[in-house]
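Presented below is the structure to which this report refers.
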Amino acid sequence: MKDKKKIFITGAFVLLATVVAIFFYIDPNVYPVFPQCPFLKITGYECPGCGSQRAFHQLLHLNIAGAFCHNPLVVLYGPYLLLGLYLEYMGGKEKFPSIQAFFFGKQAVIIILTSIIFFWIGRNIF
């Protein structure tokens, strides 16, 4: 059982490192090898995730302003997602249960979803 977990963790790490390397070296602005947003293609409107590949590429090159221009949600919610990964998979929720409850409770989910919906509407109006 322990060997399967080690293999899974190793495989997940190798996959993550490969994805990060691809996004670091291949600029989505220059090489259109990444999938395009189906919502944008069908409707002509941007979804909340549009620009996230370009934003992630910019973040890997430490260009926070450039990443923010492509998709502000990636920049603003990236640390939030990292906190969630830490709490869920690295033992953080046992060490810091109050942080888990505050940042990932019912009210937090409502705030995050509401902000994503407002961003989605706002980016297509302005």
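Numbering-wise (the working numbering), the sequence shown opens with residue 1440 and increments by one. C-beta: ideal position from N, C-alpha, C; glycine also.
- For a cut-off of 8 Å, the C-beta gap from residue 1472 to residue 1494 is around 17 Å, too long to register as a contact.
- In the displayed model, residue 1487 falls within coil according to three-state DSSP, outside both helix and strand.
- With contacts defined as CB atoms closer than 8 Å, residue 1505 and residue 1492 fail to qualify as a contacting pair.
- Residue environment: residue 1530 is assigned as exposed (fewer than 16 neighbouring CB atoms within 10 Å of its CB, all protein chains considered).
- In this structure, residue 1509 places its C-beta atom within 8 Å of the C-beta atom of residue 1490.
- Judged by DSSP in its simplified three-state form, residue 1475 adopts coil rather than helix or strand.
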